[in-house]
Structure formats: structure tokens, C-alpha cells
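All remarks here apply to the structure that follows.
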């Protein structure tokens, strides 16, 4: 049985076209008669996964293009919601709080939201530094793509609701602080700005990731390795995150959960992105997400 990766790429007129990557070549799914978008395919993921597998098995029967000849877009245009887990690695908790560590039994998963249509950009797209901030930081994260509606899901069953996995960069404006307020973090302004969620390069089906709780996560700014960890160090694992969210909101196909970032962000020492930088994230079993940095408005 051939494996595949689900993606979007730019057509001849720049329009988004769904495809699958098989053995280094991209098969167009519209031409293959299967779906107008990756989001549409996720709405009936179980059946469509089987159909995509059949296409991948018969890849030589379909017209394809080398991956090097296509411009990739974000693999979902656009997720209705991105649930972002905050402070979900112990080492990241410590680096952001002067060495303090949460006690798991005393707390619960903690999330903020990002707007998919505004925040998501794809591989190769420019990270545009917003003029309102002078402190944009990086955060490499394993992201979960939901494949069927989930409500009141038990942790033990949670992975049955996952369509696949991708890479997410939770860009953060660290200097966006609440003014004249009693709380300490301005989640909207710090986490939501145009292009603050690079995602991609594709979705790897869950069936091709034997253990999502044991994948290496690395991030470089230019040639300097900044983050180097593994998803086994998640404070609340993927199962627990899905259980927590689905007890409060119905999760729907195409929703994304960015599961948290490990240590190595710039905030503790003032590290920040600047025009001319390139951010590269690599996650084992998925691939690389690369984005250049430019000054925005």
C-alpha cells in the first residue's frame, strides 16, 4: 500500500489545487476526480483516505508533476479554527517563567485561538513582520488535523479522530502587552496578526505516523539551531488535549490543534526575527517548513 501526503499547490492561474505527493511527484486531485479542496476531503476523511490510497497505489496511471515544479500552499485553506496549546512543554514553562514548573495534577490544558483565514500562510510564503511589533518570536509545533466530528471524546479514543499531522509555527509578538488591565497576557494581539501561523508543507496521514508522541522537533533561524526536542515531552499529550477541547466545543473536520512548543524560543534572551532571516522547522516523519522573513506594514 503506497503512502501519500495531502497538499495544496498553486495552479497555472495561482488558484489553490488539492493534490497528493507520491514518490516525489504531485498528482492533481481535481483531475483525478476526487474533491475540489483538501478541506472538502477532510469532511469524509475515512472514505477519502481509502480513495486517496487507491490513487497512490495506481500513481503511474495519473498525470503528475515533480514536486520541484510546483509551488506549495498551506495544506488547508483555511482551517476554521486553530487551537493553540500554551505552556505545554516543561522546559518551555521553565524558560518563560524563570524556572517555574507547573504541577500537572493542579492544572489543565490551556489554549488560545488563532484565526485560520487571517493567520495561516504556507511553505515558502513570506513571514511579514507587522509594524506594530518589534519582537516577533518563533515557536515550532506539531499540529494535529481533525478528521471527524469530536464531542466529549475520551482520551483513550482521541487519536481515532485525527486525520493527520503537519507542522505549525506559532509566531508570537512578545511585546504586545495588555495596557491598563489586570491580566498579564494579551493573547489576541500577541498571537493574531496577518501570517502569524505558517503551516505545512503538507498533511501526513495519521496512519503513516506510528507514534505522534515520539517525533523529533527542530527549528533553525538561518543556520542556527534554536529548538531541538521531541513530542514525547508534551506536558498534556494529544489525547488529553482533544479530550479537553471536545468536552467544551465540538471539534470538526479541518480543525487544527497546534500542540505546543518546546524550549528554545527567543523570548528569554530577547531573540527575535528580523528581515532577511529564514525560519526552518523539521518534524520527524513529516518534513520541513521553510519561510523567509521580510518587513511588513
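Numbering (this note's numbering), first residue to last: 5 to 301.
No residue lacks a Cβ here, since even glycine has one placed at the ideal position from N, Cα and C.
This structure is a prediction, so every number in the text was calculated from the model and none was measured.
C-alpha distance - residue i paired with residue j, whole-angstrom precision
i	j	result
residue 224	residue 210	26 Å
residue 267	residue 101	12 Å
residue 273	residue 53	44 Å
residue 176	residue 184	21 Å
residue 103	residue 125	33 Å
residue 167	residue 280	35 Å
residue 202	residue 75	15 Å
residue 302	residue 106	As shown, the chain starts at 5 and ends at 301. That puts residue 302 outside it, with no answer to give.
residue 94	residue 222	17 Å
residue 160	residue 288	24 Å
residue 188	residue 72	45 Å
residue 303	residue 15	Residue 303 falls outside the range modelled here, since the chain spans only 5 to 301, and no answer is possible.
residue 259	residue 226	30 Å
residue 293	residue 286	6 Å
residue 229	residue 143	13 Å
residue 182	residue 89	20 Å
residue 55	residue 45	10 Å
residue 215	residue 18	36 Å
residue 51	residue 193	39 Å
residue 204	residue 158	28 Å
Identity of the residues DSSP links to residue i by a beta bridge
i	result
residue 209	168
residue 295	283
residue 116	88
residue 202	125
Residue nearest to residue i in terms of C-alpha spacing, selected from the options
i	options	result
residue 8	18, 22, 14	22
residue 248	87, 31, 208	87
residue 69	140, 122, 30, 229	30
residue 241	218, 213, 254	218
residue 236	146, 130, 90	146
residue 208	154, 130, 291, 99	291
residue 278	239, 238, 132, 46	132
residue 253	154, 298, 116, 192	154
residue 174	10, 283, 15	283
residue 108	116, 99, 92, 115	92
residue 99	55, 231, 226	231
residue 297	199, 80, 259, 43	199
residue 20	47, 46, 51, 78	78
residue 244	192, 194, 111, 206	111
residue 191	117, 55, 51, 127	117
residue 172	51, 46, 164, 261	261
residue 136	47, 164, 195	195
residue 255	163, 122, 10, 128	163
Continuous alpha helix (DSSP H) stretch holding residue i: start and end
i	result
residue 95	94–100
residue 142	Neither: residue 142 is in no alpha helix (DSSP H) and is coded neither H nor E.
residue 19	That residue, residue 19, is in no alpha helix (DSSP H); it is neither H nor E in DSSP.
residue 45	42–46
residue 250	242–250
residue 59	49–61
residue 194	191–195
Own chain, CB closer than 8 Å to residue i, minus 5 neighbours either side, in chain order
i	result
residue 6	26, 27, 57, 60, 61, 63
residue 239	91, 92, 93, 94, 97, 106, 108, 264
Same chain, Cβ closer than 6 Å to residue i, five either side skipped, listed in chain order
i	result
residue 134	197, 300
residue 66	31, 36
residue 270	141, 276
residue 234	220
residue 33	22, 23, 39
residue 41	22
Proximal residues to residue i (C-beta, below 7 Å), its chain only, five neighbours per side dropped
i	result
residue 120	82, 83, 84, 85, 86
residue 138	179
residue 49	151, 152, 167, 257
residue 251	156
Test: residue i CB closer than 7 Å to a CB of chain B
i	result
residue 175	The chain inventory of the structure shown lacks chain B, comprising one protein chain alone.
For residue i, the first and last residue of its enclosing beta strand (DSSP E)
i	result
residue 231	228–234
residue 88	86–89
residue 4	This structure leaves residue 4 out entirely; the chain is present only between 5 and 301.
residue 262	260–262
residue 222	220–225
residue 32	29–32
residue 133	131–133
residue 70	68–70
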